[in-house]
Every structure is written in C-alpha cells, then in structure tokens.
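One structure is given below, encoded as structure tokens.
Protein chains in written order, with this note's numbering: chain A, 23 to 322; chain B, 23 to 322.
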C-alpha cells in the first residue's frame, strides 16, 4: 500500500515538474529584450528541481477543492522564489556551492554577476507572475497571495532566515535558535505554499486554513531535519550537491545537535504530527499525507 | 524665477526625503525577527538618497489630482527597488564600487553576503509595501501597480538593463544599443514611478497616461545622459561615489560616444522635450516641469 502511494506520488511529482516547466517556459518566452539573461534564468529554474513547493501548492489547493488551473500561478511563483534563493545561496560570498541539482551552480556556469542578476530577476518574475495571473480569483485574493509570498520571502521570512543561518555558522547554536532559523529559512516558503494553495478556493474556511497551517509548520521542520540528515549521510551524486558541506562549514544542524538517531526520530515524529493534523480533512488531502511521508523518506 | 523654482524644488526634495524616510522607518519597525539585517537594510535605504523617483511618483500623482497619501506606498516601493539595485550594483562581482551616497557601500560597511541579502530583502519589501498599502485605491489598482513595478524591475526592465550594461563593457557599443540599455536600466523604473503616480487617481484618463509616459521617456534618458556627464566632470565628494569610474571601467557612455558638448546638448533637448510634452496639463504638473529642468542641471 505504501509503495503504491509512493508510485502515485512519484507520478504526481513528475506531472508537477512538467506542468511547472511548461508554465515557466511560457513566462520566459514573453521576455524578448535580453536572451542571455533569460537563458541563465531558464538554467536556474527549469529541469532538475524536485518541485516539492509547487506540489504543496497544488496539493493544498486540491485539499480545499480548488481548480488546478487557479493554482498554476502561485505554484510557479513559489518555485521562482525558491530557485532565486538557491542561486544566491550558492554564491561564493554565501554558501559557496559549485554544484546544484547535479550541474554547475549558476555562478559557475555563467558568472557571479549573472548569478546575482538571475536571482534578482527571478524574484521580480515571481511577483509579476502573481500579479498577471489569468485565474478565476478576485483581485483581492491575488493581492493577498502577493502579501503572503513577499512576507515569506523577505526579512521576516526566507531571506531573514538565511542571514541568521550565515551568522550562526560562527556561533554556538542551541536547538531553539536552530528551529527559529529554519522556521524562517525554509519553513516560511513551505507555509506560504500551503497558504497560497488554500487561497485558490475562495470558500476555504478559517478552520481549514488553521489545519493546513499546522500541517505546514510540521512538514516545514521535518523537511529541514531530513535535509540535515541527507547532508550527513547522502552521497554527492544522489544529492546533486556536495555531501557533508554543512559539516565542512561547521554549521549547526539537527544531526550535529541531536545525533543521527534522534534527528531521524524527530523527523518521523514531525511527519506523523503533520499527517495527524489533517484528520478532519477528507480524502482530498491524501496528496498532502503522502507528501508528509515522502519528505522524511526522500533520499535527495 | 528659475532660482525660485529650484528653491521650491529643493524644498520638495527635502520634504519628500523626510516623508519617504518616515514611511520606510515605519516599514522597518514592523520587522522583529532579524535586527541585524534590518539595520543593514536601513543603512542601504535611509539617509542620503536624492529621492528623485519618489518625488516623480508624488509629482505625477499631483499632476492628475491624486492625494499625496495614496502616493506614499508606491513612492516608497520604487525607492526600495532603487536602493536594492544600488546595493547589488556596487558588489565586487558587478560594478565594484566601495562608496555610495558618500559612505561605504553596504558590502564594505557590512559584508558581501549581507549586501546580497539586503538587496534581496529590499526587493521583497517593495512588493510587500504595495500589497499591504492602506490607501483608498482598489485591489485592482494595487495589483496593476505591482504588475508595473515587477515588470520594470525584472528581466524586461532594470535587471535586464544592468545585465546588458555589464556585457557592454567588453564590447564596442553603438549609440542605439546604449539607449536601449538605459531605457531598461534606469528608464524603466523612472517610467514606472510616473505610471504609479498616475494610477493614484482612478479617474486619470488614457490621454493623461500617454502624456505622462512620453514625459517619463524623455526625462529617463535625460537623467542617464546627465549621470554620464557627472561621472566625467563631477568630483568624488559631490557625487558621493568615485568620479570617472565609468571611464576607468572603459564603459560606453553618452560622453564617450558623443563628446561632452553634444552630450550636454542632448540632455538639454530631452529635458525641453519632456517639458513640452506636458503642454496640455495644467499648473498641477509644475513639479514635473521643475524636475525636468533639475534632472539636467543637478551636480550629483
């Protein structure tokens, strides 16, 4: 049964990848002024990504009975933000990673200046994508989506978390600080993905929102714990980035603070809590349930 | 008479600076998670900037009879985008400028990683500011503002222009390419400022929009020609950045392509065309007229 679920999820991830790639290609094809920058943006965002965040948007939209078409723009917007953050995080002045998604990072394949501009332009495109979406949603809802995504991206979200993470490298970090860093660095965008999906149906109730947000908090953290585990035990080829790079930078991780066994236990508990929190939602939330299992069993 | 106008404009610039600083301080004060990043964002965006783009928003809003309060959010949003672009443009991998607005650039005062994150967070904040604005405007109008600003900022606007500009450094550039670069690099945000101001009154007519956009095209270019002239003849203290840095990087500029006298003539003609294009607007467009003169007579 579990194997079947994973096959179904694999299919879904694959379908999501194709759907997102098609939509992103559509966005890029509108750009005519600067083919070289577009090429680098394409390199940074199409092919290779797992598309977990877009799938969270689609799965959350599905859980509240929204149409998949209305979830396209927010799904791609969160992926554009995620892609921009990877490009900037890989820069020499940041995490200095030469490899990403199994190929040279943008600053290696192009140049550092291009990588900075690619990240900048991908961020703008995310907000352009949300503001220009041709969906059945009202202007108020589209505006709320932009509010949620901009907040999750900026100083009170992902970017703030990355700043705290960089500072933490040179300090002794306690578990509570680590959780706070990751709540912002990866959790904020995962939560935004879930919230954007829920907004795709104007009839989503406050109660459904609360359930989905609790779910998001749990899998956001589970995702990060698993990332730390993979950084410790994965291999470079499967990960698509150098294994052990966190340890090499003597970064505080869940593994370094808890040990590998406790970290695994924590990830599994979070995943279970996430699934439990969906109890009141019907079968329509099944993809979210599968994702919560996948997040802690994935190997890359 | 002309002197009087400039005194009035100086006052207006000063008032705009205070108004923008107050509004930006309000935005920053909402951030509680990451005081160190906020401090660097503050450093990058408050104090010292001329605030020409916000003044363009206010002046354009005034020209169409909109309220100044409704122009606050778009005025600050364009300034946040402008500030982020300066921080990233100054990075070693880009223009490598150690000085900005008379003080060390963000990557010198803080670190390169911080400068990258500051630019990223300022961009997010611009869209957050537009999506959360408490103005009398409709959600549709706010959404249109985000559409305009995101397009002007991204690959089809400022960021695309900066990418072309960086590439142009190592190539022979003709006048037409130079104009195309600057239409994107500086022109797009100036035009967006004017368009956002015009949107602050829902009754702005298509004709008024066209007039204001023509004006924007002319002063956008005039602004850049004057920037090139100042880079050639200004001094470092007045400019607040190293004089002659374009020449040092053997960048194509209006001065290098046309010579100083022709460049001056061009700037003045563009300023005159900008003022002429406002003929059908009433006295309410006077600040725009003064700005068009100021743009080509400013010394920094």
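Idealized CB from N, CA, C, for every residue including glycine.
Below-8 Å beta-carbon distance, residue i vs any chain B residue
{"i": "residue 209/A", "result": "no"}
{"i": "residue 61/A", "result": "no"}
{"i": "residue 339/A", "result": "This structure gives no information on residue 339/A, because the portion of chain A shown stretches from 23 to 322."}
{"i": "residue 46/A", "result": "no"}
{"i": "residue 177/A", "result": "yes"}
{"i": "residue 91/A", "result": "no"}
{"i": "residue 53/A", "result": "yes"}
{"i": "residue 164/A", "result": "yes"}
{"i": "residue 186/A", "result": "yes"}
{"i": "residue 315/A", "result": "no"}
{"i": "residue 149/A", "result": "yes"}
{"i": "residue 238/A", "result": "no"}
{"i": "residue 142/A", "result": "yes"}
Minimum Cβ-Cβ distance from residue i to chain A less than 8 Å
{"i": "residue 101/B", "result": "no"}
{"i": "residue 172/B", "result": "yes"}
{"i": "residue 168/B", "result": "yes"}
{"i": "residue 194/B", "result": "no"}
{"i": "residue 181/B", "result": "yes"}
{"i": "residue 104/B", "result": "no"}
{"i": "residue 138/B", "result": "yes"}
{"i": "residue 11/B", "result": "Chain B is shown only over 23 to 322; residue 11/B falls outside these bounds and no answer can be derived."}
{"i": "residue 108/B", "result": "no"}
{"i": "residue 130/B", "result": "no"}
{"i": "residue 291/B", "result": "no"}
{"i": "residue 190/B", "result": "no"}
{"i": "residue 303/B", "result": "no"}
{"i": "residue 246/B", "result": "no"}
{"i": "residue 37/B", "result": "no"}
{"i": "residue 311/B", "result": "no"}
{"i": "residue 153/B", "result": "yes"}
{"i": "residue 235/B", "result": "no"}
{"i": "residue 113/B", "result": "yes"}
C-alpha gap between residue i and residue j, whole angstroms
{"i": "residue 322/B", "j": "residue 252/B", "result": "7 Å"}
{"i": "residue 229/A", "j": "residue 81/B", "result": "46 Å"}
{"i": "residue 154/B", "j": "residue 278/B", "result": "44 Å"}
{"i": "residue 241/A", "j": "residue 85/A", "result": "16 Å"}
{"i": "residue 167/B", "j": "residue 151/B", "result": "11 Å"}
{"i": "residue 214/B", "j": "residue 103/B", "result": "11 Å"}
{"i": "residue 88/A", "j": "residue 216/A", "result": "13 Å"}
{"i": "residue 325/A", "j": "residue 234/A", "result": "In the structure as shown, chain A begins at 23 and stops at 322. Residue 325/A is therefore absent and cannot be evaluated."}
{"i": "residue 280/B", "j": "residue 185/A", "result": "45 Å"}
{"i": "residue 31/A", "j": "residue 156/A", "result": "28 Å"}
{"i": "residue 100/A", "j": "residue 171/B", "result": "19 Å"}
{"i": "residue 285/A", "j": "residue 74/A", "result": "21 Å"}
{"i": "residue 220/B", "j": "residue 306/B", "result": "12 Å"}
{"i": "residue 149/A", "j": "residue 169/A", "result": "10 Å"}
{"i": "residue 209/A", "j": "residue 36/A", "result": "23 Å"}
{"i": "residue 255/A", "j": "residue 115/B", "result": "34 Å"}
{"i": "residue 61/B", "j": "residue 137/B", "result": "12 Å"}
{"i": "residue 64/B", "j": "residue 134/B", "result": "16 Å"}
{"i": "residue 296/A", "j": "residue 320/A", "result": "16 Å"}
{"i": "residue 211/A", "j": "residue 282/B", "result": "50 Å"}
{"i": "residue 224/A", "j": "residue 207/A", "result": "29 Å"}
{"i": "residue 311/A", "j": "residue 236/A", "result": "13 Å"}
{"i": "residue 232/A", "j": "residue 276/B", "result": "58 Å"}
{"i": "residue 125/B", "j": "residue 110/B", "result": "16 Å"}
{"i": "residue 303/B", "j": "residue 238/B", "result": "14 Å"}
{"i": "residue 317/A", "j": "residue 309/A", "result": "12 Å"}
Residue of the options minimising C-alpha distance to residue i
{"i": "residue 78/A", "options": "106/A, 114/A, 34/A, 112/A", "result": "34/A"}
{"i": "residue 222/B", "options": "30/B, 130/B, 160/B", "result": "160/B"}
{"i": "residue 205/A", "options": "187/A, 220/A, 219/A", "result": "187/A"}
{"i": "residue 123/A", "options": "112/A, 176/A, 157/A, 285/A", "result": "112/A"}
{"i": "residue 163/B", "options": "118/B, 41/B, 96/B, 203/B", "result": "96/B"}
{"i": "residue 195/A", "options": "318/A, 232/A, 303/A, 273/A", "result": "273/A"}
{"i": "residue 72/A", "options": "92/A, 53/A, 40/A, 288/A", "result": "40/A"}
{"i": "residue 158/A", "options": "318/A, 246/A, 90/A", "result": "90/A"}
{"i": "residue 165/B", "options": "218/B, 182/B, 146/B", "result": "218/B"}
Cβ-heavy atom distance, residue i to the ligand PLP, below 7 Å
{"i": "residue 132/B", "result": "This structure simply doesn't include the ligand PLP, nor any ligand for that matter."}
Where are the alpha helix (DSSP H) runs, 4 residues long or more, that stay fully inside the segment 195-265 of chain A, in chain order?
Counting whole runs of 4 or more residues, the segment 195-265 of chain A contains the alpha helix (DSSP H) stretches 197-204, 210-221, 228-255, 258-261.
Within 8 Å, do at least three Cβ pairs link the segment 93-109 of chain B to the segment 126-143 of chain B?
Three or more Cβ pairs drawn from the segment 126-143 of chain B and the segment 93-109 of chain B lie within less than 8 Å of each other, which places the two stretches in contact.
Is the number of C-beta pairs between the segment 196-212 of chain A and the segment 164-182 of chain B that are closer than 8 Å three or more?
Proximity of the segment 196-212 of chain A to the segment 164-182 of chain B falls short of the contact definition, fewer than three beta-carbon pairs being nearer than 8 Å.
Entirely enclosed beta strand (DSSP E) segments - the segment 91-133 of chain A, minimum 3 residues:
Taking only runs of at least 3 residues, no beta strand (DSSP E) segment lies wholly in the segment 91-133 of chain A.
How about the segment 118-138 of chain B and the segment 43-53 of chain B: do they share at least three Cβ pairs that are nearer than 8 Å?
In short, these stretches do not touch, since the Cβ pair count stays below three.
Restricting to runs no shorter than 4 residues, where is the alpha helix (DSSP H) found entirely within the segment 31-74 of chain A?
Runs found: 57-67.
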